[in-house]
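Data first, discussion second: the structure below is written as structure tokens.
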Amino acid sequence: MASSPDSSSNPTPELSRELSLFHVTMMGLGMMIGAGVFLGMGISIGEAGPGGVVLTFALNGLLAMLTAMSFAELSSAIPRAGGAYNFARIGFGRGTSFLAGWMEWFASSVAGSMYALTFAIYTVRFVGELHWLDGLYNLAGYAPGSAEAESIDGMIVKVVAVVTAITFIYINFRGASETGKIGAFITMGQTLFVVTIGVFGVIAVIKDPSRLENFTPFMPEGWSKLLITMGFTYVAFEGYEVIAQAGDEAIDPRRNLPKAMIYSVCIVTTIYILVAFATVVSVKIGTQGVEGPAWQWIGSFGEKGFGEAVARLMPFGNFILTLAVIFSSTSALNATIYSATRASYALGRDSMLPKFFAFIHKAKNTPYGALLATSVLVLIVTTVLPTKDVASSASIMFLFLFFMVNLCVIKIRRSMADELTYGFLMPLFPLLPIVAIICQVILAVWLIHMSLIAWIIAPIWILAGLAIYWFYARSRATTTEDEILILEEQKHHEERLEGKYPIMVAVANPANASQLIQSTYRLCGAKNAHVELIHMVQVPDQVSLHDAEKYTHLGKEGLFEVMLSLALHFPISTTIRYCRNVARGIVSAIREKKTKMLVLGWHGATHHTLFNLGSKIDPIIEQSPCNVVVLKGCGGNKVFKSALVPIAGGPNGALALEIASILTAPDEGAVTAFSVDTGRGAVDFDQFIEANSKKFNIPRENLKTKTVKATSAIKAILAEAKDYDLVVLGTTHKPLLAQTGRMSLPEKIACRSPKPVVMVKSDIGVRSWIRRWI
Amino acid sequence: MDKDVLIGIILTAAALLTVITMAVLSRASIERIASDGCRTARQTLKGKNNGK
Numbered sequence: 000m001a002s003s004p005d006s007s008s009n010p011t012p013e014l015s016r017e018l019s020l021f022h023v024t025m026m027g028l029g030m031m032i033g034a035g036v037f038l039g040m041g042i043s044i045g046e047a048g049p050g051g052v053v054l055t056f057a058l059n060g061l062l063a064m065l066t067a068m069s070f071a072e073l074s075s076a077i078p079r080a081g082g083a084y085n086f087a088r089i090g091f092g093r094g095t096s097f098l099a100g101w102m103e104w105f106a107s108s109v110a111g112s113m114y115a116l117t118f119a120i121y122t123v124r125f126v127g128e129l130h131w132l133d134g135l136y137n138l139a140g141y142a143p144g145s146a147e148a149e150s151i152d153g154m155i156v157k158v159v160a161v162v163t164a165i166t167f168i169y170i171n172f173r174g175a176s177e178t179g180k181i182g183a184f185i186t187m188g189q190t191l192f193v194v195t196i197g198v199f200g201v202i203a204v205i206k207d208p209s210r211l212e213n214f215t216p217f218m219p220e221g222w223s224k225l226l227i228t229m230g231f232t233y234v235a236f237e238g239y240e241v242i243a244q245a246g247d248e249a250i251d252p253r254r255n256l257p258k259a260m261i262y263s264v265c266i267v268t269t270i271y272i273l274v275a276f277a278t279v280v281s282v283k284i285g286t287q288g289v290e291g292p293a294w295q296w297i298g299s300f301g302e303k304g305f306g307e308a309v310a311r312l313m314p315f316g317n318f319i320l321t322l323a324v325i326f327s328s329t330s331a332l333n334a335t336i337y338s339a340t341r342a343s344y345a346l347g348r349d350s351m352l353p354k355f356f357a358f359i360h361k362a363k364n365t366p367y368g369a370l371l372a373t374s375v376l377v378l379i380v381t382t383v384l385p386t387k388d389v390a391s392s393a394s395i396m397f398l399f400l401f402f403m404v405n406l407c408v409i410k411i412r413r414s415m416a417d418e419l420t421y422g423f424l425m426p427l428f429p430l431l432p433i434v435a436i437i438c439q440v441i442l443a444v445w446l447i448h449m450s451l452i453a454w455i456i457a458p459i460w461i462l463a464g465l466a467i468y469w470f471y472a473r474s475r476a477t478t479t480e481d482e483i484l485i486l487e488e489q490k491h492h493e494e495r496l497e498g499k500y501p502i503m504v505a506v507a508n509p510a511n512a513s514q515l516i517q518s519t520y521r522l523c524g525a526k527n528a529h530v531e532l533i534h535m536v537q538v539p540d541q542v543s544l545h546d547a548e549k550y551t552h553l554g555k556e557g558l559f560e561v562m563l564s565l566a567l568h569f570p571i572s573t574t575i576r577y578c579r580n581v582a583r584g585i586v587s588a589i590r591e592k593k594t595k596m597l598v599l600g601w602h603g604a605t606h607h608t609l610f611n612l613g614s615k616i617d618p619i620i621e622q623s624p625c626n627v628v629v630l631k632g633c634g635g636n637k638v639f640k641s642a643l644v645p646i647a648g649g650p651n652g653a654l655a656l657e658i659a660s661i662l663t664a665p666d667e668g669a670v671t672a673f674s675v676d677t678g679r680g681a682v683d684f685d686q687f688i689e690a691n692s693k694k695f696n697i698p699r700e701n702l703k704t705k706t707v708k709a710t711s712a713i714k715a716i717l718a719e720a721k722d723y724d725l726v727v728l729g730t731t732h733k734p735l736l737a738q739t740g741r742m743s744l745p746e747k748i749a750c751r752s753p754k755p756v757v758m759v760k761s762d763i764g765v766r767s768w769i770r771r772w773i
Numbered sequence: 000m001d002k003d004v005l006i007g008i009i010l011t012a013a014a015l016l017t018v019i020t021m022a023v024l025s026r027a028s029i030e031r032i033a034s035d036g037c038r039t040a041r042q043t044l045k046g047k048n049n050g051k
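These protein sequence lines are chains X and V, in that order. Per numbering that gives the first Met the number 0, the first sequence starts with residue 0, numbered consecutively. Per numbering that gives the first Met the number 0, the second sequence starts with residue 0, numbered consecutively.
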């Protein structure tokens with residue numbers, strides 16, 4: 000009845016797509032309104048005071064929304080089961096993605112254990128109050144309420160927790176539809192109960208405004224306690240992670256997943272604030288049994304403080320609370336098992352864990368191998384570990400995981416802006432994920448004040464994951480279509496390359512190659528370079544990887560042509576690579592080869608309305624971590640006797656001067672640095688050259704300078720360019736995507752100039768990148 | 000009113016208001032992208048810049 004992913008003779012079973020917006024929103028809500036809030040409320044009041052607990056949930060909601068934005072954007076672009084694991088794989092590669100999936104699996108499984116235990120604790124407490132367990136105590140020979148009877152309670156709690164976990168493991172085995180539908184039903188119930196508690200709190204204050212005095216003192220333990228309670232209760236906000244796991248099973252995922260994530264965070268933040276308020280005002284100071292300030296009294300019960308408070312707030316408080324906990328814990332348990340299973344399934348699917356994890360049941364369409372492994376983890380943790388440390392461990396792991404996801408959203412938008420199809424783009428990018436990252440690091444560090452054990456368990460799990468990756472997953476992981484494949488790599492020289500300047504030349508076809516030869520020859524000669532010729536094969540999405548080689552014919556011709564001209568003079572290597580996106584492939588190769596200069600050709604103005612220089616050139620110029628030289632119309636055996644270099648004062652202008660001096664004839668060539676004074680002042684050439692002389696080699700002997708006054712810089716430069724053989728321009732350093740609006744001045748000149756044009760961009764370094772990002 | 004209480008109320012209200020505003024704006028953004036047809040990030044932002 001079951002199938003393994005290796006059964007190649009039959010089509011591989013896929014997860015069924017049955018979950019609507021309502022279902023996935025309810026899954027997220029179900030995971031959030033769980034034990035996290037019930038356990039966290041009492042402890043947080045004790046730690047941070049009455050005002051602190053309300054602020055804890057309000058500020059955590061805001062932080063959760065920031066990360067939800069990242070999840071929403073990534074899920075809309077990569078709607079596949081695996082969530083954070085998939086994001087990390089596409090953003091950072093195999094090692095990071097394994098770690099993300101590994102942490103996600105642990106965090107969700109441990110959270111599941113916590114929910115099972117919470118369900119059991121509250122159920123056994125309620126049943127005990129009804130004296131239904133007295134017979135059991137008598138059978139064991141203990142008096143009800145005695146210490147021995149409490150030890151039996153502890154055992155019963157563990158048994159009930161295990162039975163509950165097994166029940167929901169079976170429900171998950173039944174399939175996504177059942178999981179979503181049962182989860183949605185339970186979540187509706189739990190939300191109703193929790194909102195009822197909040198409404199009773201508001202009514203209590205309206206009837207008796209003196210209950211607001213419970214908020215005095217507002218922050219008795221100081222504001223720093225907020226960081227501890229925020230970290231501890233963060234697990235109560237991590238429901239959007241389970242929504243991301245539903246990528247393979249949700250209907251219209253690009254639209255529904257981001258919506259569900261954002262809705263669920265908005266709903267729970269409102270509910271949590273309401274419930275925190277109700278908890279604080281639930282008891283009246285001076286009533287029977289309440290000693291000292293209300294916050295201290297509630298906090299003294301620890302994780303059961305919320306229960307004690309609600310029991311005094313409303314009629315049948317105990318009963319309603321127990322129902323709420325039963326609904327919420329089981330719902331969250333259901334969602335966490337679902338999430339943990341999908342995380343480990345994704346690891347198995349990509350051969351990072353044994354294939355067993357990727358087995359899908361043919362009849363149920365559920366990943367039963369991953370579910371079984373998750374079940375073992377959940378049941379072990381449920382049986383062995385204490386609740387508070389388990390909750391802290393889950394929180395730390397989720398904080399680490401979300402930290403990684405926030406990094407992924409920045410990396411993926413920057414590197415794959417032209418590849419992925421997005422259903423949602425977050426506003427204020429990349430400010431929101433950067434703020435979230437900073438906050439998550441602070442909260443994770445501060446959690447050490449809540450649980451030392453959590454800070455021991457979490458690193459051990461991460462180290463174990465690293466070991467498994469290193470010794471098992473690294474060599475077995477399958478290549479995904481998002482990666483870049485090397486089809487052919489050849490070294491055509493025997494020279495040692497130490498001290499040589501690495502120049503990469505991107506060759507597309509023979510026509511493009513002829514344009515590159517002359518200029519590349521000059522650049523290589525001036526720089527004492529070794530040359531890496533690269534041809535990126537862009538194979539359409541619908542074509543199999545195995546057919547990639549069919550697209551290399553023109554590229555090989557081009558490479559051969561360039562080699563004929565350069566191989567006698569310089570050490571040359573060639574590489575042909577397959578990639579779905581040429582720009583990303585070239586940028587990746589630059590990083591790998593530690594290239595210092597990239598040379599590529601440009602055929603001229605594009606008719607595409609969305610890009611300035613072209614969909615391939617734009618991202619290469621923006622993202623290449625090296626100097627970039629783009630040649631237009633420089634083919635044949637042209638000898639440039641005069642070059643015009645418009646200067647605006649930036650580092651690209653200095654590189655443009657250096658490149659112009661290389662490309663012009665050695666003896667009779669002249670370079671003119673040109674500045675247009677449009678009323679804002681002209682460039683001081685002496686100062687400019689002096690400032691850039693350390694980084695760039697700008698010979699002064701053939702250098703002339705010229706400044707003109709004009710109202711339009713473009714017109715003045717184009718008019719001046721008529722008298723020169725070559726125009727060399729520095730590109731602008733605009734942030735990514737800002738260039739999609741209109742063309743910058745250098746680009747307009749490059750498009751309109753009738754003369755050969757060279758555009759250059761200098762490597763701007765790490766500090767400048769950070770400055771640009773922020 | 001105590002200074003801590005005032006700061007607490009302002010922070011709570013601001014956080015909740017921000018969360019709700021972000022949710023409303025994000026929903027509008029998702030619907031707009033869905034009606035225009037999902038595209039790459041660069042194309043989507045370009046469309047937005049053009050007032051589409």
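Heads up, the beta-carbon is just placed ideally off N, CA and C, and yes, glycines get one too.
When the Cα atoms are used, what is the spatial distance from residue i to residue j?
i: residue 302 of chain X; j: residue 110 of chain X; result: 16 Å
i: residue 84 of chain X; j: residue 3 of chain V; result: 42 Å
i: residue 294 of chain X; j: residue 416 of chain X; result: 50 Å
i: residue 61 of chain X; j: residue 266 of chain X; result: 12 Å
i: residue 210 of chain X; j: residue 277 of chain X; result: 10 Å
i: residue 533 of chain X; j: residue 338 of chain X; result: 42 Å
i: residue 607 of chain X; j: residue 751 of chain X; result: Caution is warranted here: a pLDDT of 41 is assigned to residue 607 of chain X, below 50, making its placement in the model unreliable, and no coordinate value can be reported.
i: residue 207 of chain X; j: residue 284 of chain X; result: 12 Å
i: residue 660 of chain X; j: residue 233 of chain X; result: 59 Å
i: residue 257 of chain X; j: residue 143 of chain X; result: 51 Å
i: residue 115 of chain X; j: residue 166 of chain X; result: 10 Å
i: residue 323 of chain X; j: residue 188 of chain X; result: 8 Å
i: residue 308 of chain X; j: residue 145 of chain X; result: 24 Å
Using a Cβ cut-off of 9 Å, pull out every chain V residue sitting near residue i, in sequence order please.
i: residue 272 of chain X; result: 11, 14, 15
i: residue 21 of chain X; result: Under the 9 Å cutoff, chain V gives no residues; its nearest Cβ is about 15 Å from residue 21 of chain X.
Can you have a look at residue i and say buried or exposed, based on whether 16 or more other CB atoms are within 10 angstroms of its CB?
i: residue 44 of chain V; result: buried
i: residue 244 of chain X; result: buried
i: residue 761 of chain X; result: buried
i: residue 197 of chain X; result: buried
i: residue 612 of chain X; result: The predicted model places residue 612 of chain X with a pLDDT of 45, which falls under 50 and marks its position as unreliable, so this point remains unresolved.
i: residue 462 of chain X; result: exposed
i: residue 464 of chain X; result: buried
i: residue 565 of chain X; result: buried
i: residue 421 of chain X; result: buried
Strictly below 8 Å CB to CB, what residues from chain V border residue i?
i: residue 418 of chain X; result: 39
i: residue 57 of chain X; result: 10, 11, 14, 15
i: residue 218 of chain X; result: 3, 7
i: residue 253 of chain X; result: 33, 37
Which residues in chain V sit within 7 Å of residue i, going by Cβ to Cβ distance?
i: residue 214 of chain X; result: 4
i: residue 412 of chain X; result: 40
i: residue 210 of chain X; result: Those do not exist, as residue 210 of chain X stays about 15 Å from chain V at its closest Cβ, beyond 7 Å.
message: Using a Cβ-Cβ cutoff of 9 Å, what residues of the region 221 to 251 of chain X are near chain V? List them in chain order.
response: 222, 251
Entirely enclosed alpha helix (DSSP H) segments - the region 550 to 634 of chain X, minimum 4 residues: 552 to 565, 581 to 592, 616 to 622
- prompt: Listed in chain order, which residues of the region 422 to 437 of chain X have Cβ atoms closer than 8 Å to some Cβ of chain V?
  reply: 422, 423, 424, 425, 426
Selection of the region 255 to 280 of chain X by Cβ proximity to chain V, strictly under 8 Å: 257, 258, 261, 262, 264, 265, 268, 269, 272
query: Using a beta-carbon distance cut-off of less than 7 Å, what residues from the region 26 to 37 of chain V approach chain X?
result: 26, 28, 29, 32, 33, 37
Where the region 45 to 73 of chain X meets chain V: residues whose CB sits under 8 Å from a CB there: 50, 53, 54, 57, 58, 60, 61, 64, 68, 71
message: Restricting to runs no shorter than 4 residues, where is the alpha helix (DSSP H) found entirely within the region 348 to 383 of chain X?
response: 367 to 383
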